[in-house]
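Worksheet: the structure to be examined is printed underneath.
Protein chains: 2
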Amino acid sequence: MPQIDRPSHTGELRESGRQQVLETIRAQGAIARIDIARETGMSPATVTAISAELLEAGLIREVQPEAKPTTGKRGRPRVSLALRGDAHKIAGIKVAHSSITVLVIDFEGNELVDHDMPLVQARMEPEQLCNAIVTALEQCCRKGSIGLADISGLCVGMAGLVDATRNFVYWSSSLTSRNVDMGAHLGQHLNCAIFVENDANLVAKAEHLFGKGRDVSDFIVITIEHGVGMGVVIDDEIYRGTRGCGAEFGHTKVQLSGALCQCGQRGCLEAYVGDYALLREARLLSDEATPQSIGQLSAAAREGDALAGSILERAGRMFAMGLANIINIFDPELIIVSGTHSSMDYLLTPQVIEEMRQSVVQVDAPLPEVVQHSWGQLMWAKGAAAYAVEKVSAQCVRRLVLDAV
Amino acid sequence: MPQIDRPSHTGELRESGRQQVLETIRAQGAIARIDIARETGMSPATVTAISAELLEAGLIREVQPEAKPTTGKRGRPRVSLALRGDAHKIAGIKVAHSSITVLVIDFEGNELVDHDMPLVQARMEPEQLCNAIVTALEQCCRKGSIGLADISGLCVGMAGLVDATRNFVYWSSSLTSRNVDMGAHLGQHLNCAIFVENDANLVAKAEHLFGKGRDVSDFIVITIEHGVGMGVVIDDEIYRGTRGCGAEFGHTKVQLSGALCQCGQRGCLEAYVGDYALLREARLLSDEATPQSIGQLSAAAREGDALAGSILERAGRMFAMGLANIINIFDPELIIVSGTHSSMDYLLTPQVIEEMRQSVVQVDAPLPEVVQHSWGQLMWAKGAAAYAVEKVSAQCVRRLVLDAV
DNA sequence: CCGATTTAATTTGAGAATCAAAAAAATAAT
DNA sequence: ATTATTTTTTTGATTCTCAAATTAAATCGG
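First to last, the sequence lines map onto chains B and V. Numbering-wise (the numbering used here), the first sequence opens with residue 4 and increments by one. Numbering-wise (the numbering used here), the second sequence opens with residue 4 and increments by one.
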């Protein structure tokens, strides 16, 4: 009884070597073999062998040392290795309330083309949503003169409870039904590797691959938008929990029987710091001056409007408390507060940081760094693409190892 | 320039194989080679090779199949492998407020002897505490007729902020000074492998090796005692955070500007559900009936005392909120509420579980199981011993691999 | 301009860990 | 006794990796 595809221990080892090299190259952009050896702890001989294989497979390329390094350094010049962008085209897709954003990148991470397709309604039946996704992808491909068949893989990011290991959506604000097997649905329309993930996790991925978490193996990303999301990276992996619905930072409770949240429960952090929560309170301001957007509210506060100020102040204090709790629980190296708009301007103020500091368990060791990162509107799609790239990468390596047999 | 102790990739692989076999044997108690192969995914050939080595090293033994398995099963009978208890003697030591508990176990986990030595004062200078620990260990060894030199390793568990990777104590309620290198201090008195850990993490270890977390790779242990502690096991490893001071569940904030905690901050969960918090409130009861212990308070509540009832009810609600937050963040497979006394009787009631359920993000998937586990007073020491056993195990394997070269 | 020096990459040969398949061992069934 | 069955061990091959030696490609110094 031959055991065919049970991963052998040696196979795993081999895979991990290749994976490591590829990841190192991706993390560094362009890096010489000798530095890969240093970085990964492998011997130069092994790096040579592996990179030869990756070169042959067309996944990486040698970068000719552009300019003479003029600075007198003797010895054989190092030849850097970089990813071959044209090895694959990969799509990241974000389903938002009012539009679907698509971004196509190459294997190296270069953005080829993006597209935003408005949605007429925010919540749809699964089939309807799939059609919309496919349409958005097609439009994007057409715009960039890319064949749909050239897409090696894609990832769809959506708000809600997603079990990424199964491409399964327990619940999403974009879907009218619960418990949808999005992977299967999309698979009927598209013939490429398909992944579905929670959007906050995708931002974490984006930070890890392209952003401020590039060289960090353990960090936490917090997104503030309509709701509040969190992505946790532990040991270079996204932490997901058993059912795939962990890291629901926005729905951790910060107040017994507190404010009503869009999830129907009370006292969620989101119900104090999310967009809708602030605007809900802002409506109590005198009618004429009622701010319709966070920007207006924030401006009113800056101009000395006491009520607006107190709304933002409370949100800030709640946010500080939430941040402190995260630090007390995870003790991460780094916290990245990511967003597409300037939520940070009023939420991540020095006062909030100070308040957070005072709610963190006191230790004579430096606090985790808290940084903010404003991305463009493409943040989400970029994260989705990053995730898909990683998955496709892993698939390539796996195929490489199998083919070698 | 030969690179001597940089762990080679092959060495890691080899180590992992041996480790895996040993762990499987420990987890299963006694298990045949073929089942180890099935369990770990290795080939039977490899298991034979590895177990031969472990047998020769004296770490495991063959268990003769006791009774004829009468039930007609043909074929060569399987020979189970078990740990050799006499391979090592290991001490677990818990430093509590009023005493030091020591437990000596053998390599197989059998309890050989335990001892409790009262302490005259709860907080001491490092040197003083070390002396007390050594004295307690000596007394325990004498009681069990064990030579101090026969102890292969020990672990000291203490409440507070401990960086176990460095055996370093940022702060502990048992120490008068901060930032103590306990490992170095103890090393001057004892000549064996020494480990220092946070006590909640040790309970997690105990649950993982001997308790309800035996076959679970991801779970969370919550301890309620004087304070509230948490141990997080992710992927069969204790999660510690970067500075080694994560998982401070007791000091997560559940109320803005809330009740005063012993840590000096406000609104910590511990300040609502810890022993001292309940007794603090209970003092407001009519003087004569003031309960001096949790047991009395709990009894009063059961007898219909409204004030006592409301104290416990609020504690329960806060605890439910804390539990729900943990689930929302970690989405664990299992939560074990561990304790030496019956805190569970009033904290882990059906009402609390129900309230927790209502504060958890709603998913059409079964809730994480919440179980309670009452250990004897030896719980902590047992956890410490479990941790030390694991570490010593790993050390043995490492030595085995190195010696083979 | 040419050898000496330096650094990077590759080749070579060997060691080690694993696995598949075959063989051996130990038992039950017939 | 013979056959069937199951576990364990042995054998031989594979292959992943590494150390050391070698080759490659540059600078430096005279």
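Heads up, the beta-carbon is just placed ideally off N, CA and C, and yes, glycines get one too.
Checklist line | Proximal residues of chain V, C-beta to C-beta of M321 (chain B) below 9 Å | finding: Locating residue 321 (chain B) in the first sequence gives position 318, counting from the first residue. Within 9 Å Cβ-Cβ: L259.
Note to self: At the level of alpha carbons, what is the spacing between V183 (chain B) and M161 (chain B)?
What the structure shows: Here residue 183 (chain B) refers to the residue found at position 180 when the first sequence is read from its first residue. Here residue 161 (chain B) refers to the residue found at position 158 when the first sequence is read from its first residue. Taking the straight line joining both Cα atoms gives about 12 Å.
Margin query: Tell me whether G186 (chain B), by its Cβ, gets closer than 7 Å to a heavy atom of the ligand ADP.
Written below: This structure does not include the ligand ADP; it has no bound ligands of any sort.
Next item on the list: Flag this pair as touching only if the stretch 151-170 of chain V and the stretch 327-347 of chain B have three or more C-beta atom pairs under 8 Å; answer yes or no.
Entry: no
Next item on the list: Using DSSP bridges, identify the partner residues of L157 (chain B).
Entry: Numbered from its first residue, the first sequence carries residue 157 (chain B) at position 154. L157 (chain B) pairs with B:A94 and B:I197.
Margin query: On the criterion of 16 or more Cβ atoms from any shown chain inside 10 Å, does A302 (chain B) qualify as buried, or is it exposed?
Written below: Position 299 of the first sequence, counted from the first residue, corresponds to residue 302 (chain B). That one is exposed.
Check: Is the beta carbon of I136 (chain B) sitting closer than 8 Å to the one on L189 (chain B)?
Finding: By one-based count along the first sequence, residue 136 (chain B) stands at place 133. By one-based count along the first sequence, residue 189 (chain B) stands at place 186. A contact, by the Cβ cut-off of 8 Å.
Next item on the list: Can you give me, in chain order, the residues of the stretch 350-382 of chain V that have a beta carbon less than 9 Å from any beta carbon in chain B?
Entry: Using a CB distance below 9 Å, the part of the stretch 350-382 of chain V facing chain B consists of Q361, S362, V363, V364, Q365, V366, D367, A368, P369 and P371, ordered along the chain.
Next item on the list: Evaluate P369 (chain B) with the Cβ neighbour count: other Cβ atoms within 10 Å of its Cβ, from every protein chain shown; 16 or more gives buried, anything less gives exposed.
Entry: For the purposes of this step, residue 369 (chain B) is identified with residue 366 of the first sequence, where counting begins at 1. P369 (chain B) is exposed by the Cβ-count criterion.
Checklist line | Same chain, Cβ closer than 6 Å to G230 (chain V), five either side skipped, listed in chain order | finding: Taking the first residue of the second sequence as 1, we reach residue 230 (chain V) at position 227. G253, E273 and G277.
Next item on the list: Kindly identify the DSSP beta-bridge partner or partners of H118 (chain V).
Entry: In the second sequence, the residue the question calls residue 118 (chain V) occupies position 115. According to DSSP, H118 (chain V) bridges with V:V105.
Check: Counting only runs that start and end within the stretch 224-281 of chain B, where is the beta strand (DSSP E) found for 3 or more residues in a row?
Finding: 231-237, all fully within the stretch 224-281 of chain B.
Next item on the list: Quick one: list the residues of chain B neighbouring H188 (chain V), beta-carbon separation under 8 Å, in chain order.
Entry: In the second sequence, counting from the first residue as 1, residue 188 (chain V) sits at position 185. For H188 (chain V), there are no neighbours in chain B by C-beta distance under 8 Å, as the nearest C-beta there is about 17 Å away.
Item checked: Inter-residue spacing [alpha-carbon to alpha-carbon] between G14 (chain B) and Q124 (chain B) -> Residue numbering aside, residue 14 (chain B) sits at position 11 when the first sequence is read from its first letter. Residue numbering aside, residue 124 (chain B) sits at position 121 when the first sequence is read from its first letter. With a pLDDT of only 47 at G14 (chain B), under 50, the local geometry of the prediction cannot be trusted, and the value read off the model is given with reservation. Going by the C-alpha atoms only, they are around 48 Å apart.
Margin query: Output needed for E130 (chain B): all residues of its chain with C-beta closer than 8 Å, excluding positions within five of it in sequence on either side, in chain order.
Written below: For the purposes of this step, residue 130 (chain B) is identified with residue 127 of the first sequence, where counting begins at 1. So the qualifying residues of the chain are H188.
Note to self: Tell me the rounded alpha-carbon separation between G247 (chain V) and C266 (chain V).
What the structure shows: Locating residue 247 (chain V) in the second sequence gives position 244, counting from the first residue. Locating residue 266 (chain V) in the second sequence gives position 263, counting from the first residue. Whole-angstrom Cα-Cα distance: 18 Å.
Notebook entry, point to check: Between which two residues does the alpha helix (DSSP H) containing E210 (chain B) stretch?
Noted result: Here the question's residue 210 (chain B) lines up with position 207 in the first sequence. For E210 (chain B), the enclosing alpha helix (DSSP H) has its first and last residue at D202 to L212.
Check: Can you tell me whether R243 (chain B) is buried or exposed, with buried defined as 16 or more other CB within 10 angstroms of its CB?
Finding: For this step, residue 243 (chain B) is matched to residue 240 along the first sequence. Classification of R243 (chain B): buried, given that the 10 Å Cβ count is 16 or more.
Item checked: chain V residues whose Cβ lies nearer than 8 Å to that of C266 (chain B) -> Translated into the one-based positions of the first sequence, residue 266 (chain B) becomes position 263. Neighbours of C266 (chain B) on chain V, chain order: V364 and Q365.
Next item on the list: Tell me, please, whether the CB atom of P335 (chain B) is closer than 8 Å to any CB atom in chain V?
Entry: Start at 1 with the first residue of the first sequence, and residue 335 (chain B) comes out as number 332. So, interface residue.
Next item on the list: Output, in chain order, the set of chain V residues within a Cβ distance shorter than 7 Å of H254 (chain B).
Entry: To locate residue 254 (chain B), count along the first sequence from 1; it is residue 251. The contacting residues are N331 and V364.
Check: From the DSSP output, which residues share a beta bridge with G163 (chain B)?
Finding: Looking up residue 163 (chain B) in the first sequence gives position 160. Paired residue(s): B:S175.
Check: Where do the N-terminal and C-terminal ends of the beta strand (DSSP E) with E372 (chain B) fall, by residue?
Finding: One-based indexing of the first sequence puts residue 372 (chain B) at position 369. Taken as a continuous stretch (DSSP letters only), the beta strand (DSSP E) holding E372 (chain B) covers E372 to S377.
Checklist line | Within chain V, the residues that N182 (chain B) reaches when beta carbons sit closer than 8 Å | finding: Translated into the one-based positions of the first sequence, residue 182 (chain B) becomes position 179. D367, listed in chain order.
Note to self: Measuring alpha carbon to alpha carbon, tell me which residue in V:L287, V:G78, V:Q299 and V:A318 is nearest T352 (chain V).
What the structure shows: As a working mapping, residue 352 (chain V) is identified with position 349 in the second sequence. Checking every option, the nearest Cα to that of T352 (chain V) belongs to V:A318.
Item checked: Identity of the residues DSSP links to G342 (chain B) by a beta bridge -> Residue mapping note: residue 342 (chain B) aligns to position 339 of the first sequence, counting from 1. Paired residue(s): B:S377.
Next item on the list: Go ahead and label L263 (chain V) buried or exposed: buried means 16 or more other beta carbons lie within 10 angstroms of its beta carbon, across all protein chains shown.
Entry: The residue given as residue 263 (chain V) occupies position 260 in the second sequence. So L263 (chain V) ends up on the exposed side.
Next item on the list: Label Q2 (chain V) either buried or exposed according to how many other C-beta atoms from any shown protein chain fall within 10 Å of its C-beta, with 16 as the threshold for buried.
Entry: Within the shown structure, residues of chain V are numbered from 4 to 408, placing residue 2 (chain V) beyond reach of any answer.
Notebook entry, point to check: Looking only at C-alpha atoms, which of V:T27, V:Q191, V:I356 and V:V235 sits nearest to K208 (chain V)?
Noted result: If you number the second sequence from 1, residue 208 (chain V) lands on position 205. Nearest C-alpha to K208 (chain V): V:V235.
Checklist line | R410 (chain V), DSSP secondary structure in three states | finding: An answer regarding residue 410 (chain V) cannot be provided, because it is not within the stretch 4 to 408 covered by chain V.
Notebook entry, point to check: Identify the residues that DSSP records as bridge partners of S83 (chain V): which are they?
Noted result: Locating residue 83 (chain V) in the second sequence gives position 80, counting from the first residue. In the DSSP output, where bridge partners are listed per residue, S83 (chain V) has V:A35 and V:V66.
Item checked: Residues near S46 (chain V) in its chain [Cβ-Cβ closer than 8 Å; skip 5 each side] -> Working through the second sequence from its first residue, we reach residue 46 (chain V) at position 43. A40.
Note to self: Less than 8 Å between the beta carbons of S101 (chain V) and L132 (chain V), yes or no?
What the structure shows: Taking the second sequence and counting its residues from 1, one reaches residue 101 (chain V) at position 98. Taking the second sequence and counting its residues from 1, one reaches residue 132 (chain V) at position 129. No, the pair does not count as a contact, with Cβ atoms beyond the cut-off.
Notebook entry, point to check: Among the residues of its own chain, which have a CB less than 6 Å from the CB of R77 (chain V), if the five just before and after it don't count?
Noted result: Counted from its first residue, the second sequence places residue 77 (chain V) at position 74. If we look at R77 (chain V) and ignore the five residues flanking it on each side, it has no Cβ neighbours.
Item checked: Nearest to Q142 (chain B) (by Cα), restricted to the options B:V392, B:L86, B:A323 and B:A94 -> For the purposes of this step, residue 142 (chain B) is taken as residue 139 along the first sequence, with counting starting at 1. Here the closest residue by C-alpha is B:A94.
Checklist line | In DSSP terms, what M127 (chain V) is bridged to | finding: Here the question's residue 127 (chain V) lines up with position 124 in the second sequence. Paired residues: V:L178.
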